[in-house]
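**Q** Mind having a look at this structure? Questions to follow.
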Amino acid sequence: MPVLARWIERAGLPTVVVTMMPSIAEERRAPRIVGVEFPYGHPFGMRGDHRMQSQTLLLALRVLAGAGTFGTRVDLDIEWPVPLREAYRAWQPKEASPIVRQFLEARRSTA
Amino acid sequence: MKVDGFRFLPRTFRPLYEGRGPFPGEEDPVWAPFEKRLAESRIALLTSGGLYLKASQESFDLEREQTHPEWGDPTWRAIPAAANRLDLAVAHLHINDEDLLADPEIALPANTLAQLVGEGVVGSATSDHLSVMGYQERSLEGWRDKTVQELIVHLRDQNADGLILAPV
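In structure tokens, the structure reads:
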């Protein structure tokens with residue numbers, strides 16, 4: 001996704017990436033980044049929590065319109081209001097994704 | 112505070128993502144200044160949640176991803192900003208899609224953006240937002256030459272002044 005942002009930015013359209021992995025977006029050289037410490041699948045916040053979604057979107061808009069330099073990163077200071085163990089399980093698919101299965105199989109074969 | 116991007120992942124998964132650096136040829140800064148006031152700007156959203164209109168659009172290709180784990184469908188879908196959540200489906204193998212189906216705003220906050228337009232914070236939203244699904248961490252096959260070029264044309268046609276991208 002950060003590389004998509006770069007290509008679109010290069011075409012002249014300003015972009016911001018809202019991401020659970022802001023350090024990876026930095027590695028991939030995204031122009032503007034908003035970091036969120038939310039479970040995967042939830043970049044704008046909790047299901048049904050309009051206030052959290054609105055706060056996240058507003059920060060993204062402020063960074064999009066207000067950042068002055070390449071690589072600007074602002075992290076959203078909101079803690080996920082669900083116990084970690086529960087949240088950790090809830091976002092994951094019922095079956096491991098193909099790339100995760102491949103990773104786990106490769107790890108087992110080298111163990 | 113500083114976000115811990117691995118808080119909700121097994122620590123052993125870090126090597127899947129970390130330390131790879133930029134894609135070849137994507138090391139230099141790129142920058143398009145945001146010139147207008149937000150209240151005079153038109154904003155578009157892009158999600159990688161694999162959302163599509165179940166009555167009129169094809170699903171993303173999950174079958175090929177099952178057999179080619181490092182590949183992700185590089186096609187895209189235009190999602191009308193006024194789409195009802197009941198019109199949407201999700202094609203994605205990397206997340207539990209239950210919350211996304213129940214409340215697409217968690218990944219594509221079209222209604223929240225429309226509300227900010229109504230309040231005068233943002234000038235307007237594009238009539239369509241954008242949805243992709245494809246996994247891009249390993250391969251950019253199909254993305255640079257086709258998908259992104261189409262997305263750029265679409266965003267220009269919609270007179271977008273800025274784009275908010277949100278990977279899921």
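Those protein sequences? They're chains A and B, same order as listed.
FYI, the numbering used here numbers position 38 of the first sequence as 38, with every residue one higher than the one before it.
Numbers given in the numbering used here equal positions in the second sequence, counted from 1, plus 111.
Heads up, the beta-carbon is just placed ideally off N, CA and C, and yes, glycines get one too.
These figures come from a predicted structure and were not determined experimentally.
If we define contact as Cβ-Cβ less than 8 Å, is residue 217 (chain B) a contact residue for chain A?
**A** Yes, because at least one Cβ of chain A sits closer than 8 Å to the Cβ of residue 217 (chain B).
**Q** Taking residue 118 (chain A) as the reference, which of B:278, B:208, B:255, B:180 has the closest Cα?
**A** Residue coverage of chain A in this structure runs from 1 to 111, which leaves residue 118 (chain A) outside it and unanswerable.
**Q** Rounded to a whole number of angstroms, what is the C-alpha to C-alpha distance between residue 264 (chain B) and residue 273 (chain B)?
**A** Roughly 14 Å between the two C-alpha positions.
**Q** Between the Cα of residue 176 (chain B) and the Cα atoms of A:69, A:97, A:37, A:70, which residue gives the shortest distance?
**A** Of the candidates A:69, A:97, A:37, A:70, the one whose C-alpha sits nearest the C-alpha of residue 176 (chain B) is A:97.
**Q** Could you tell me which of B:149, B:113, B:201, B:190 sits nearest to residue 231 (chain B), measuring between CA atoms?
**A** Taking only the C-alpha atoms, the option nearest residue 231 (chain B) is B:149.
**Q** Taking just the CA atoms, how far does residue 51 (chain A) sit from residue 182 (chain B)?
**A** Spanning the two alpha carbons is a distance of roughly 36 Å.
**Q** So, do the segment 27–40 of chain A and the segment 62–79 of chain A have three or more beta carbon pairs nearer to each other than 8 Å?
**A** Flag = yes, the segment 27–40 of chain A and the segment 62–79 of chain A touch.
**Q** Can you name the residues of chain B whose CB is closer than 7 Å to the CB of residue 108 (chain A)?
**A** Here the premise fails: no neighbours, minimum Cβ distance about 12 Å.
**Q** So what's residue 24 (chain A) in DSSP terms, helix, strand or just coil?
**A** The answer is helix: DSSP assigns residue 24 (chain A) an H, G or I state.
**Q** What does residue 15 (chain A) touch in chain B if you count any residue whose Cβ is under 8 Å from its own?
**A** Within chain B, the residues near residue 15 (chain A) are 143, 273, 274, 275, 276.
**Q** For residue 278 (chain B), which of A:48, A:54, A:40 has the nearest alpha-carbon?
**A** Selected option, being the one with the closest Cα: A:40.
**Q** With DSSP as the reference, please indicate the residues paired to residue 217 (chain B) in a beta bridge.
**A** In DSSP, residue 217 (chain B) forms no bridge with anything.
**Q** For residue 78 (chain B) and residue 122 (chain B), I'd like the C-alpha separation in whole angstroms.
**A** Any answer about residue 78 (chain B) is impossible in this case: the structure gives chain B only from 112 up to 279.
**Q** Under 7 Å Cβ-Cβ, which residues of chain A neighbour residue 177 (chain B)?
**A** Chain A residues near residue 177 (chain B): 98.
**Q** Please look up how many angstroms separate the CB atoms of residue 223 (chain B) and residue 54 (chain A), rounded, as I've assumed it's under 8 Å.
**A** The pair is a contact, with the Cβ atoms about 5 Å apart (cut-off 8 Å).
**Q** Could you tell me which whole alpha helix (DSSP H) segments of length 4 or greater appear in the segment 150–202 of chain B?
**A** Fully enclosed alpha helix (DSSP H) runs of 4 or longer: 173–178.
**Q** Determine whether the Cβ of residue 185 (chain B) lies closer than 8 Å to any Cβ atom of chain A.
**A** Not an interface residue.
**Q** Hey, does residue 19 (chain A) have any beta-carbon neighbour from chain C nearer than 8 Å?
**A** Although the question refers to chain C, the structure presented lacks it and instead comprises the protein chains A and B.
**Q** Helix, strand or coil: which one does DSSP assign to residue 240 (chain B)?
**A** Residue 240 (chain B): strand per DSSP, three-state reduction.
**Q** Closer than 9 Å, Cβ to Cβ, to anything on chain A: give me those residues from the segment 127–139 of chain B, in chain order.
**A** Within the segment 127–139 of chain B, the residues whose Cβ lies closer than 9 Å to some Cβ of chain A are 127, 128, 129, 130, 131, 132, 133, 134, 137, 138, 139, listed in chain order.
**Q** List the residues of chain A that residue 162 (chain B) touches, going by C-beta distances under 8 Å, in chain order.
**A** Here the premise fails: no neighbours, minimum Cβ distance about 12 Å.
**Q** Rounded to a whole number of angstroms, what is the C-alpha to C-alpha distance between residue 131 (chain B) and residue 27 (chain A)?
**A** Taking the straight line joining both Cα atoms gives about 7 Å.
**Q** Can you name the residues that DSSP bridges to residue 275 (chain B)?
**A** Note: residue 275 (chain B) sits in a beta bridge opposite A:16, B:156.
**Q** Please determine, among B:201, B:197, B:192, B:207, the residue with the shortest C-alpha to C-alpha distance to residue 88 (chain A).
**A** The shortest C-alpha separation from residue 88 (chain A) is found at B:207.
**Q** With a Cβ-Cβ cutoff of 8 Å, do residue 92 (chain A) and residue 180 (chain B) count as a contact?
**A** It is not a contact, given that the beta carbons lie outside the stated cut-off.
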